[in-house]
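Novice:
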Amino acid sequence: MKYIFLFIVATALYSCHNTQNEQKLEQLDKKSAREVTLKTVTVGDSVLHITTQHIWFNGEQVAAQSDTIKTAVSPKSWDGVDSLKTLSKVPIYVTVQ
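If you count by my numbering, then the sequence shown holds residues 1 to 97, one letter each, in order.
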């Protein structure tokens with residue numbers, strides 16, 4: 001889970017990359033930030049896609065919320081059901097706006 005968060009932050013930083021104002025991850029201000037964690041959990045024949053957010057301002061957590069989307073492990077599609085393809089193993093793409 002920690003690695004997923006770091007990947008998301010690194011991807012977001014890379015996409016917002018500006019060569020003049022580039023900051024290393026270790027140098028970011030962690031007192032005022034929005035932390036987003038994505039987690040995938042398989043429970044029986046369902047997959048839980050969990051998004052958790054913590055918003056920090058001046059070193060204090062001002063808001064937190066978690067949302068869950070539940071799907072089937074292998075949903076039916078036009079190609080039928082392929083037991084080798086599951087939603088628990090699909091890549092996560094993140095867009096920061």
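Glycine is no exception: its CB is placed at the ideal position from the N, C-alpha and C atoms.
Give me whichever residues DSSP pairs with Q61 in a beta bridge.
Specialist: Sequence index remark: in the sequence shown, residue 61 carries index 61 (1-based). W56.
Novice: Take D67 as the anchor and find which of T37, G59, K31 has the nearest alpha-carbon.
Specialist: Here residue 67 corresponds to residue number 67 of the sequence shown, with the count starting at 1. Among T37, G59, K31, the Cα nearest to that of D67 is on T37.
Novice: Tell whether a beta-carbon distance below 8 Å holds between H49 and T40.
Specialist: As a working note, residue 49 is residue 49 in the sequence shown. As a working note, residue 40 is residue 40 in the sequence shown. Their beta carbons are under 8 Å apart, which means H49 touches T40 by this criterion.
Novice: Judging by CA-CA distance, which residue of A64, E35, F57, D29 is the nearest neighbour of V104?
Specialist: Nothing about residue 104 can be read from this structure; the chain reaches only from 1 to 97.
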